[in-house]
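Protein chains in written order, with our numbering: chain A, 1 to 207; chain B, 1001 to 1207; chain C, 2001 to 2207; chain D, 3001 to 3207; chain E, 4001 to 4207; chain F, 5001 to 5207. Worksheet: the structure to be examined is printed underneath.
6 protein chains.
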Amino acid sequence: MNAPISRYPVPDLKDLPADIRERIVAVQEKAGFVPNVFLALAHRPAELRAFLAYHDALLLKEDSGLKDQAASGHGLTKGEREMIIVATSGANQCLYCVVAHGAILRVYEKKPLIADQVAVNHRKADITPRQRAMLDFALKVTRASHEVGDADFEALRAHGFSDEDIWDIAGITAFFGLSNRMANVMSLRPNDEFYLMGRVPREKGKA
Amino acid sequence: MNAPISRYPVPDLKDLPADIRERIVAVQEKAGFVPNVFLALAHRPAELRAFLAYHDALLLKEDSGLKDQAASGHGLTKGEREMIIVATSGANQCLYCVVAHGAILRVYEKKPLIADQVAVNHRKADITPRQRAMLDFALKVTRASHEVGDADFEALRAHGFSDEDIWDIAGITAFFGLSNRMANVMSLRPNDEFYLMGRVPREKGKA
Amino acid sequence: MNAPISRYPVPDLKDLPADIRERIVAVQEKAGFVPNVFLALAHRPAELRAFLAYHDALLLKEDSGLKDQAASGHGLTKGEREMIIVATSGANQCLYCVVAHGAILRVYEKKPLIADQVAVNHRKADITPRQRAMLDFALKVTRASHEVGDADFEALRAHGFSDEDIWDIAGITAFFGLSNRMANVMSLRPNDEFYLMGRVPREKGKA
Amino acid sequence: MNAPISRYPVPDLKDLPADIRERIVAVQEKAGFVPNVFLALAHRPAELRAFLAYHDALLLKEDSGLKDQAASGHGLTKGEREMIIVATSGANQCLYCVVAHGAILRVYEKKPLIADQVAVNHRKADITPRQRAMLDFALKVTRASHEVGDADFEALRAHGFSDEDIWDIAGITAFFGLSNRMANVMSLRPNDEFYLMGRVPREKGKA
Amino acid sequence: MNAPISRYPVPDLKDLPADIRERIVAVQEKAGFVPNVFLALAHRPAELRAFLAYHDALLLKEDSGLKDQAASGHGLTKGEREMIIVATSGANQCLYCVVAHGAILRVYEKKPLIADQVAVNHRKADITPRQRAMLDFALKVTRASHEVGDADFEALRAHGFSDEDIWDIAGITAFFGLSNRMANVMSLRPNDEFYLMGRVPREKGKA
Amino acid sequence: MNAPISRYPVPDLKDLPADIRERIVAVQEKAGFVPNVFLALAHRPAELRAFLAYHDALLLKEDSGLKDQAASGHGLTKGEREMIIVATSGANQCLYCVVAHGAILRVYEKKPLIADQVAVNHRKADITPRQRAMLDFALKVTRASHEVGDADFEALRAHGFSDEDIWDIAGITAFFGLSNRMANVMSLRPNDEFYLMGRVPREKGKA
């Protein structure tokens, strides 16, 4: 009755390469369901592997392997990273990312209202001035990255962001700009589960 | 004298993880120089690895590992893939990608004029109507992916593109949208070598 | 801790003129709380009275008093009217209207997912082609009413809309364009209750 | 020969409810003709009543009935209110409102050139810096009300506007944004009389 | 009291080169006053000479001197040329050109309402479908000339425009795009006389 | 095989009026070929004459004949004038002007990389802060000349530009805005020679 999860063929879990299947099963065990983006992108396993590697590099932030990397100290919280995703996906009008990452944002921040606020108009959200500046920059990267310059870096540094943090903001914005475009083209449908997640006191899933 | 290749620290080849160093050396041997994007992104090895994996999945198109993948038959030529990169990078005003991929486009197509044409206004370029439709779509994905719908798929199918080809167009557009944003934020400087490559009859490099 | 409900002074119920107080009390009894828009606009009672009269004329649609008024037959359902509000308020990035009318939309349509879909990108929503055309038009009225012309009327008539229905779509769009601007300027804060309303099976409030 | 005054049926005065007929007759006696907006909107008497009530609340500014309302002291002059209407209606490309309120603006300000100036480009108009700031804000509310914030309030206060004045500017802008959209959708035709009114020394009508 | 006619020094007639002085005197004798554009641009006589030569080539349309020039047969009327100027100057928000050429348009067409209609929204003007198509094209050339293509030529030919007529439309649009930009930068002030010209039955000036 | 140089008939040199033929021959002797713009615009000799006169007044800058003209002292270099043309033609997506004037820019500045930099994103070009400010202003004149005001003049004066220099920047921008629109409408094709000119050490042509 509802629209399919993607315009493109969606593979069965059992037909997928083992590494991908294992990753998906792990997510399923943690979340209680398989987010549709995994299945839809699994139509192209090589792209999905790269997608997940990029995602993990930006959002899980493990050791990069580079010796002299400047440790960014505090950096962005997990919740702040999701704010970036939700705000820029709202600007790109990507239903999947707003709904799915809105859910994760609510869970991480334990704030049931924040995702809708950030998606519709981050200027009216219950966030700090530092987070407001972070999202202002993310939206500029989304809409006019060619105009980014020294003044933008200064403005963020004034809020305590390191240059590595700024890379993170830009990287997350750029990566989800990719994700938004793919989701929009394939009409990726958010799982029904995401819509309610994190909105009611006791969320069984992530939290 | 000129601007540095990136706002961010650029690692020395010798300090890089072995896999990345090897990849870079291989490119250097083929092209005669190291494209700056490798060095600039190597500041974050995990991201660079994912970036290259995504790049290769879209532009080298090896077997994806998925059993029932629909073979796209003919698909996009290497030159057409570069046209997409140049046209969308022009729209995003990304100097690095227009210059570097403009060079590759000239080499692949053996047409010294085509990159400038596609970067400035693809409607005036010496390309086929099929390629024109391909770039019209790529620019729509760049600027308004939320408006992409069935009519866009129909228009491309009328030019002989399969749905897998359309995924390729969207994927290349989305991936270089990421690349454009990162390059713009870090002020990634194109190597001087790219500007002339493919413009004169005997190009030593790629061709 | 949270932002106030309006930049402007918010009157106490007891200080309000009797007619306004009665209206607000009636709403409170039905909904279980007083939507903030009533209190915030009550800072200017004469404007609030006109606002409510306009709202009721468009959304309650009682007899207009004009003898020869063409009865529009079927017309727009209550849910469709709320779709218009949510889609255009999303385009105008009005947090209050997206959240408050998103709640009402969910309740009317008994579809917990629909409000987020319509607010982010109505093209991806679980709605009929007729409703899609209705929202396409509403968004054109929102963004470029000066370009509305005969072709727009033809397109809507092809979906069975009467000219009176088209007036309704335009009127609701125009009225909430007013509402969006006022809410944005005064930073009108949605009541917390709206965010969850209509998302869980048994909604105590409206339904 | 000319276009009709509205796409929609226009009622005869005699068929209208008494209250509306009386209001229209009163306007006719004062102005010498019936502005078309009255007749066109009278197709929906309930909406017209609300429209007029809103109009009067903003433009006639009688006692609001709210006890502790902050008297705005000086506030906006009648001419300034019309400037807002003309500038924002120009931005929305609403022929009726530019022409009709342009006439009223000329009459109120006794300046035959001002309406054309404000409609085309208020930055070049013979107005004060305070009025320039007022129109800058009104145009921001017209085009990007979601971006309005504290800085806009500060800028206006620096010109002596009270917060109540700012509400007035926003309210007039928002209300005529509604009016512009309805007029554009119904192709509301300005009365010929408006075009010349206030342009020649002795204006018989309003002045 | 009013703003000066230009940000730049305005030469005295007597200090101007003879050819320019003669041209200006001739205009003055015909119109009854010297349009400010002559005096303001006379700050740079060589540019003014070229400006007038271009203007005359497009608007007076004398023999071009080219042997095989395709005679365009009927072509654009003088009034239609002024419509193009008024519509595109409205889009570029150039006060001088809207007011001055609005006056000429009224005089040529003997229609006192037409200039305001075309300046605010040509879709609502009392013009023919052919003229509507002409202005649609002129506005596309104004805003997005890079998107002009075969389909635009076809649409105009369907209304009986020859390719030479289309050049005329584009040429007038392009030339007044230049004029609009110069007038906006120098804050060129329209002569007071223009505002009323052609609005009242007996126009002494041009007609 | 390639597209023709213009949609419109292109006259033979021998059929052109003597003055135009002589000018073209002179250019040909200097450059080694006839730039297509001469032949394409020669379809309308009177317009071409005015075009060249305007071009020469702005770019050759001979004595204007006005007695009290303020000598601008230093003014813009020839290379800077070409930067303006390339940057604004890039914004207008005019292939001919970007390619032809990009060539001239490279030759004048003796910098083989500069034209591509300025055309794609002048913010990333190897230019001085003064030149950056000059191009920021030129792009504002291109896209929103109605918003130009005192603050723009102040910003340029702070970089040492005189008001006459500002006129030059605006004039060149406005004139090539005309040129861009005509070239786009007629699909003016750049000569193949331009693409390589100034990119290799020993340029035979202009330098």
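Ideal Cβ positions, reconstructed from N, Cα and C, are used throughout, including at glycine.
Go ahead and label R154/A buried or exposed: buried means 16 or more other beta carbons lie within 10 angstroms of its beta carbon, across all protein chains shown. Position 154 of the first sequence, counting from 1, holds the residue named residue 154/A. The sequence given here has Glu at residue 154/A, not Arg. Answer is exposed; the Cβ neighbour count stays below 16.
Examine the ligand NAP and report whether any of its heavy atoms sits within less than 7 Å of the Cβ of P45/A. Judged by which ligands are present, the structure shown has none, so any question about the ligand NAP falls away.
Answer yes if the stretch 5006-5024 of chain F comes into contact with the stretch 5041-5059 of chain F, meaning at least three C-beta pairs across the two stretches below 8 Å, and no otherwise. With a cut-off of 8 Å, the stretch 5006-5024 of chain F and the stretch 5041-5059 of chain F count as touching, because enough Cβ pairs lie within range.
Cα-Cα separation between I1160/B and I1169/B, rounded to whole angstroms: What you label residue 1160/B is simply residue 160 of the second sequence in a count that begins at 1. What you label residue 1169/B is simply residue 169 of the second sequence in a count that begins at 1. Looking at the sequence shown, residue 1160/B is not Ile but Gly. About 13 Å.
In whole angstroms, what separates the C-alpha of I4166/E from that of F5038/F? Counting from 1 along the fifth sequence, the entry for residue 4166/E is found at position 166. Counting from 1 along the sixth sequence, the entry for residue 5038/F is found at position 38. Taking the straight line from one Cα to the other gives about 20 Å.
When the cut-off is 8 Å and only beta carbons count, does S5145/F lie next to chain B? Taking the sixth sequence and counting its residues from 1, one reaches residue 5145/F at position 145. With 8 Å as the cut-off, S5145/F does not count as an interface residue toward chain B.
Per-residue contacts from R4123/E into chain C (C-beta, under 8 Å): Walking along the fifth sequence from the start, residue 4123/E turns up at place 123. Residues of chain C passing the Cβ test: H2146, E2147 and G2149.
Contact defined as beta carbons within less than 8 Å: I believe H3122/D pairs with R3130/D. What is the distance between those atoms, to the nearest angstrom? Reading the fourth sequence from its first residue, position 122 is the one you call residue 3122/D. Reading the fourth sequence from its first residue, position 130 is the one you call residue 3130/D. Incorrect: roughly 13 Å between the Cβ atoms, too far for contact.
With 8 Å as the threshold, decide whether the Cβ of E5203/F is near any Cβ in chain D. As a first step, residue 5203/F must be located in the sixth sequence, where it is residue number 203. Here the model assigns E5203/F a pLDDT of 45, short of 50, so the residue's position is not dependable and the matter cannot be decided.
Only counting the same chain, and skipping five residues up and downstream in sequence, which positions put a Cβ closer than 7 Å to that of D4068/E? In the fifth sequence, the residue the question calls residue 4068/E occupies position 68. At D4068/E, the pLDDT of 40 sits below 50, so the modelled position is not reliable and the matter cannot be decided from this model.
Distance, Cα to Cα, P5011/F vs L5041/F? To locate residue 5011/F, count along the sixth sequence from 1; it is residue 11. To locate residue 5041/F, count along the sixth sequence from 1; it is residue 41. Straight-line Cα distance between these residues: approximately 9 Å.
Taking the alpha carbon of I1085/B as the reference point, which residue from A1003/B, V1118/B, R1007/B and F1194/B has its own alpha carbon closest? Along the second sequence, one-based indexing puts residue 1085/B at 85. Answer by Cα proximity: V1118/B.
Helix, strand or coil at R21/A [DSSP, three-state]: The residue you call residue 21/A lines up with position 21 of the first sequence. Assignment of R21/A by DSSP, reduced to helix, strand and coil, places it in the helix class.
Identify, in the order they occur along the chain, each residue of the same chain with its Cβ nearer than 7 Å to the Cβ of V3027/D, setting aside the five sequence neighbours on each side. On the fourth sequence, position 27 is the one that residue 3027/D refers to. So the qualifying residues of the chain are V3034, P3035 and F3038.
Find the residues of chain D that neighbour D2173/C, judging by a C-beta separation of less than 7 Å, and give them in chain order. Working through the third sequence from its first residue, we reach residue 2173/C at position 173. Before going on, a small fix: residue 2173/C reads as Thr here, not Asp. Those are R3181, listed as they occur along chain D.
With a 10 Å radius around its C-beta and 16 neighbouring C-beta atoms as the bar for buried, classify V5200/F as buried or exposed. On the sixth sequence, residue 5200/F is found 200 positions in, with the first residue counted as 1. Result: exposed.
Proximity to I2024/C [Cα-Cα], best of V2185/C, L2052/C and P2112/C: Here residue 2024/C corresponds to residue number 24 of the third sequence, with the count starting at 1. When only C-alpha atoms are compared, the closest one is L2052/C.
Taking 8 Å as the CB-CB cut-off, is R3199/D touching chain C? Numbered from 1 along the fourth sequence, position 199 holds the residue referred to as residue 3199/D. Not an interface residue.
Note down, in chain order, every chain F residue with its Cβ under 8 Å from the Cβ of L4178/E. Translated into the one-based positions of the fifth sequence, residue 4178/E becomes position 178. In chain order, A5174, F5175, G5177 and L5178 make up the part of chain F whose C-beta sits under 8 Å from the C-beta of L4178/E.
For T5173/F and K5078/F, the rounded distance between their alpha carbons: Residue mapping note: residue 5078/F aligns to position 78 of the sixth sequence, counting from 1. Residue mapping note: residue 5173/F aligns to position 173 of the sixth sequence, counting from 1. Going from the Cα of K5078/F to the Cα of T5173/F covers about 14 Å.
Excluding five sequence neighbours on each side, which residues of the same chain lie with their C-beta closer than 6 Å to the C-beta of Y96/A? Position 96 of the first sequence, counted from the first residue, corresponds to residue 96/A. A183, L188 and P190.
Ignoring anything shorter than 3 residues, give me the beta strand (DSSP E) runs that lie fully in the stretch 142-194 of chain A, in order along the chain. none
Which residues in chain D sit within 8 Å of V4098/E, going by Cβ to Cβ distance? Taking the fifth sequence and counting its residues from 1, one reaches residue 4098/E at position 98. Those are D3116 and V3120, listed as they occur along chain D.
Is it right to say R157/A is buried, meaning 16 or more other beta carbons lie within 10 angstroms of its own, or is it exposed? Residue 157/A sits at position 157 when you count from the first residue of the first sequence. The residue in question, R157/A, is exposed, as its Cβ has fewer than 16 Cβ neighbours within 10 Å.
For T1088/B, which residues in the same chain have their Cβ closer than 7 Å to its Cβ, ignoring the five residues on either side in sequence? Residue numbering aside, residue 1088/B sits at position 88 when the second sequence is read from its first letter. Cβ within range, chain order: A1138, L1139, T1142, T1173, F1176 and G1177.
At the 8 Å Cβ level, is A5155/F part of the contact set with chain E, yes or no? Taking the sixth sequence and counting its residues from 1, the one referred to as residue 5155/F is at position 155. It does not; no Cβ of chain E falls within 8 Å.
Of the residues E147/A, P4/A, K30/A and D192/A, which one's Cα is nearest the Cα of Q1093/B? Within the second sequence, the letter at position 93 stands for residue 1093/B. When each option's Cα is compared against that of Q1093/B, the closest is E147/A.
Rounded straight-line distance, which links the Cα of L3060/D to that of S3145/D: Within the fourth sequence, the letter at position 145 stands for residue 3145/D. Within the fourth sequence, the letter at position 60 stands for residue 3060/D. Across the structure, S3145/D and L3060/D are spaced so that their CA atoms are roughly 24 Å apart.
Going by the beta-carbon positions, is the gap between D1126/B and A5003/F smaller than 8 Å? Translated into the one-based positions of the second sequence, residue 1126/B becomes position 126. Translated into the one-based positions of the sixth sequence, residue 5003/F becomes position 3. Contact flag set, yes.
Identify the contact partners of Q5093/F in chain E, using a Cβ-Cβ distance below 9 Å as the criterion. Locating residue 5093/F in the sixth sequence gives position 93, where the first residue counts as 1. Correct list: A4144, S4145, H4146 and E4147.
For Y2054/C, which three-state DSSP category applies? Indexing the third sequence from 1 puts residue 2054/C at position 54. DSSP places Y2054/C in the helix class (H, G or I) of the three-state scheme.
Cross-chain neighbours of P2112/C in chain A, by beta carbon under 9 Å: Numbered from its first residue, the third sequence carries residue 2112/C at position 112. Simply D192, Y195 and L196.
Going by beta carbon distance, what residues of the same chain come within less than 6 Å of A103/A, once the five residues before and after it are set aside? As a first step, residue 103/A must be located in the first sequence, where it is residue number 103. Residues of the same chain with a CB within less than 6 Å of the CB of A103/A, apart from the 5 flanking positions on each side, are F194, M197 and G198 in chain order.
To the nearest whole angstrom, what separates the beta carbons of L2113/C and D192/A, a pair I think is in contact under 8 Å? Residue numbering aside, residue 2113/C sits at position 113 when the third sequence is read from its first letter. Residue numbering aside, residue 192/A sits at position 192 when the first sequence is read from its first letter. Right, their Cβ atoms sit about 6 Å apart.
If we cut at 8 Å on Cβ distances, does G5208/F have a partner in chain B? Nothing about residue 5208/F can be read from this structure; chain F reaches only from 5001 to 5207.
Name, please, each residue of chain A whose Cβ falls closer than 8 Å to the Cβ of G2090/C. Indexing the third sequence from 1 puts residue 2090/C at position 90. Residues of chain A passing the Cβ test: V120.
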